[in-house]
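2 protein chains.
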Amino acid sequence: MTPPTAPADAASPRPGFTPADEAFVQDFATMSAFGATPAGGVDRQAASPDDVRQRRWLAGVLEARGLRVVYDRIGNQFGLLERVPGAPYVLIGSHMDSQPTAGRFDGAYGVLAAAHAVFRLAEEWERSGGVPRFNLAVVNWFNEEGSRFVPSMMGSSVFTGKLPLEQALATRDRDGVSVREALEPTGFLGDGAGPAAAFCAEIHIEQGRGLENAGIAIGLVTSSWAANKYTFIVNGDQAHSGATVMADRKDALLGASLLVVAAREVADRFPGVLHTSVGQLDVYPNSPVVVASRVSLLLDLRSPDEAVLEEADALLHRRITEIEESARVTVERHHSHSWGITPYQPDGVELARRCARRLGLSHTDVMTVAGHDSINMKDLVPTVMLFVPSSEGVSHNELEFTTDADMVAGLRLLTEVVRSLANGELDG
Amino acid sequence: MTPPTAPADAASPRPGFTPADEAFVQDFATMSAFGATPAGGVDRQAASPDDVRQRRWLAGVLEARGLRVVYDRIGNQFGLLERVPGAPYVLIGSHMDSQPTAGRFDGAYGVLAAAHAVFRLAEEWERSGGVPRFNLAVVNWFNEEGSRFVPSMMGSSVFTGKLPLEQALATRDRDGVSVREALEPTGFLGDGAGPAAAFCAEIHIEQGRGLENAGIAIGLVTSSWAANKYTFIVNGDQAHSGATVMADRKDALLGASLLVVAAREVADRFPGVLHTSVGQLDVYPNSPVVVASRVSLLLDLRSPDEAVLEEADALLHRRITEIEESARVTVERHHSHSWGITPYQPDGVELARRCARRLGLSHTDVMTVAGHDSINMKDLVPTVMLFVPSSEGVSHNELEFTTDADMVAGLRLLTEVVRSLANGELDG
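Chains as they are written, first to last, in the numbering used here: chain A, 155 to 582; chain B, 155 to 582.
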């Protein structure tokens, strides 16, 4: 991977970059300092001090360009450009919160690109006197990552009515702090429902190798993979880890470990079309000399093929029955979340394709494996989702990287897409 | 398992019980209320509020019977009965701290039995004018369990010079609180090295099924099992748990799970003579959508046969090499703790055998798998270790149970053993 290039200043842009492009790259560097880690990543979990400081900075950047900053009841942050009094908005954005020890690009790129797209269009309309059909809103969704407060995509889930507001506000982190308690002192807890949306657009890094390997600048996201997300509780029986004879043990951690291994074996049966993971696993009582009585874990199965997902689900559950017997544990399944292959509106994909052609940007259709706020938004309004390349597909890692040139190409396409949406190109 | 019998009061003892036996059973019930859990167990981790309240209660019980209560530099609690000014002490006791959601008997029984044995002998000498050769000290060792502050057996390790005092005081729990910070406000941090020990005795529940299955009242502990305790760190690479293709992942949790399973497979190769466990396992960053980059875990191998332990260690390490390759992780081994089969002094075992015969109590030689403070003490002074039966071998579990009759039989034997030690029966 190449290191990030030091940006030139806006007054003397690098070849192929406009002053506005350099301004974007400079803002990106400033933004990446919030919660920066020594290894070049960021740590900005939702409503953490660094997330809060960064949101204040973003508010300042938006207000300096004449946008009005407002917050809704779940702390989503909006920067409003109202050119058509009373008209609904094209919502453009992503999220600035991050996983612990995460990369600089995931989410944050999309929010800053949205802001700069709106700045560009605002300037253009200012200069030309042009009046779009829809207003524009930059959005920084609250708690997309879900590492501190489960579930992920919390802000967009409340905005789109998929998650009850009170349930979201009452969600607690591991220290017992609720979303409401975390947000209240920050001033980010508004009382409205946010701007009325007519369309939505989001740009994000790919978090995979597809675009980079193919040498393509832009991914046009046509749909999301299907996914099953399970919470499993493995129940055993507390015992002395030394004295208790092995045959008497009901070791919940052994059962959980067999389940982690089984999930990988299921994935190995479907190479390339089944992703699986256990990222979170908690042991009780988690003491060196106590056989664990309870282990909870979150396990995902994801596939671009719903039939594969169904078969994998059946295989996994057969293995669970075997594990219950061999490890003398019981496994409770809490089926927390599940979705099929859900398409983005084909009209939106075609609009983005026309925009990419106009700009001469190479592009291809892709599916998204990861969840994004736009997956929620597309069920509310027509939504366009764009990807730019991720170096080596590295993501949720401090070494996540996308070149300045790729970020700028994405920003240009996003600007073009938002212009088209604002002008009503999808509105009949 | 039979439920605990409601004790009669001391004035009208149950058949076979003396008023002093009933007084012990009543004190045991009172003691078990500290940190009591709804399921009938206790939760009294070292220096927790309930551990502190219980130690204050014990101090009151000891002082009410004329013992002088003192604390050493690591918070070990002593109740001194000085009948021979200047003579060293027979130290009798165990620990009152517990695992989270533990049983009422582990450790606490041994401290209370020690106190009542000393009360009985003090009364006897008071009545008879008898003068022993050694003084008596009840001891409640600090942090035997090691669930909050690692390592276990901390108080006796410092007392016996095996663990540097400053290292113990600087040990921090998961919330960053040091032993010194936890103990200082309690008043349990003394400045001396505690009483000079000449002999030691400890009584404890067996934490296994051997005595109960054989219908034997007393275990005479001849030695401890050999053990290797390892800390392993499994290193992978953070990645997006959905988007990253499976072949690119270096999943530390998969590697750790394979290691947990491998340890059990090694144990299955040596039925009955190899115990193994992973009780503690911590995942980083432990987020639902991040492939873990680092998992730390504590793994034990224990055996009554040093050759088996050596072979198991070699097998485990061969498996680790295979896991590193198959899961694309690296495993760092921190060899934290290791001991061979270490005998208690045979003279002490024979003394206890004579005492059991005198009292007509059935008895047998046993080894201890679990660690006990007496394992430390036997390297300093001749030490006698006794077991009473554990119902179904259940331990480190709220359902841990020993009958009143078994507890009282153990108390009687302990009293007899301490009388013999105090009278110099082992001193030439």
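Ideal Cβ placement from N, Cα and C applies to all residues, glycine included.
Just so we're clear, the structure is a prediction, and the values are computed from it rather than from any experiment.
Simplified DSSP state of residue i, which is helix, strand or coil
i, result
"Q392(B)", "coil"
"F182(B)", "helix"
"R227(A)", "coil"
"Y498(A)", "coil"
"S457(A)", "strand"
"H249(A)", "strand"
"R168(A)", "coil"
"F313(B)", "helix"
"W279(B)", "helix"
"L452(A)", "strand"
Neighbour flag for residue i against chain B, beta carbons, 8 Å
i, result
"N440(A)", "yes"
"R222(A)", "no"
"Q361(A)", "yes"
"G240(A)", "no"
"S411(A)", "yes"
"G261(A)", "no"
"A421(A)", "yes"
"L435(A)", "yes"
"E579(A)", "no"
"M400(A)", "yes"
CB contact flag (residue i, residue j, <8 Å)
i, j, result
"L513(B)", "G373(B)", "no"
"L343(B)", "G229(B)", "yes"
"V523(A)", "L470(A)", "no"
"T385(A)", "A201(A)", "no"
"D391(A)", "K383(A)", "no"
"R258(B)", "A174(B)", "no"
"E552(A)", "G194(A)", "yes"
"G284(A)", "G264(A)", "no"
"L290(B)", "A466(B)", "no"
"A393(A)", "H550(B)", "yes"
"P254(A)", "D197(A)", "yes"
CB contact check: residue i to chain A, cutoff 8 Å
i, result
"A397(B)", "yes"
"T255(B)", "yes"
"N367(B)", "no"
"M155(B)", "Caution applies to M155(B), whose pLDDT of 36 falls short of 50 and renders its modelled position unreliable; the value that the coordinates give is listed next. No, because no Cβ of chain A sits closer than 8 Å to the Cβ of M155(B)."
"G494(B)", "no"
"L469(B)", "no"
"P158(B)", "With a pLDDT of 43 at P158(B), under the threshold of 50, the predicted position of this residue should be treated as unreliable, and no value is reported."
"D459(B)", "no"
"V333(B)", "no"
"G390(B)", "no"
"A524(B)", "yes"
Rounded separation between residue i and residue j - CA only
i, j, result
"R511(A)", "G309(A)", "33 Å"
"D533(A)", "N297(A)", "19 Å"
"I357(B)", "L323(B)", "27 Å"
"H491(A)", "R207(B)", "45 Å"
"E360(B)", "L568(B)", "15 Å"
"E464(A)", "F424(A)", "12 Å"
"A397(B)", "G364(B)", "53 Å"
"Y438(A)", "F178(A)", "47 Å"
"G564(A)", "A268(A)", "10 Å"
"A347(B)", "T314(B)", "10 Å"
"P203(A)", "L452(A)", "27 Å"
"D251(B)", "R487(B)", "30 Å"
"S528(A)", "R448(B)", "31 Å"
"G217(B)", "V535(B)", "Checking the displayed sequence, the identity of residue 217(B) turns out to be Glu instead of Gly. When rounded, the distance between both Cα atoms is 27 Å."
"G502(B)", "Y243(B)", "16 Å"
"A446(A)", "E460(B)", "27 Å"
"R472(B)", "A416(B)", "10 Å"
Neighbour-count burial assignment, residue i, 16 or more Cβ in a 10 Å radius
i, result
"V571(B)", "buried"
"T159(A)", "For T159(A), the predicted model reports a pLDDT of 49, less than 50, meaning its position is unreliable; a value from the coordinates is still stated below. Burial call: exposed."
"N367(A)", "exposed"
"E554(B)", "buried"
"Q231(B)", "buried"
"T537(B)", "buried"
"D226(A)", "buried"
Contacts of residue i in chain E (Cβ-Cβ under 9 Å)
i, result
"S528(A)", "Among the chains of the structure shown, chain E does not appear; the protein chains present are A and B."
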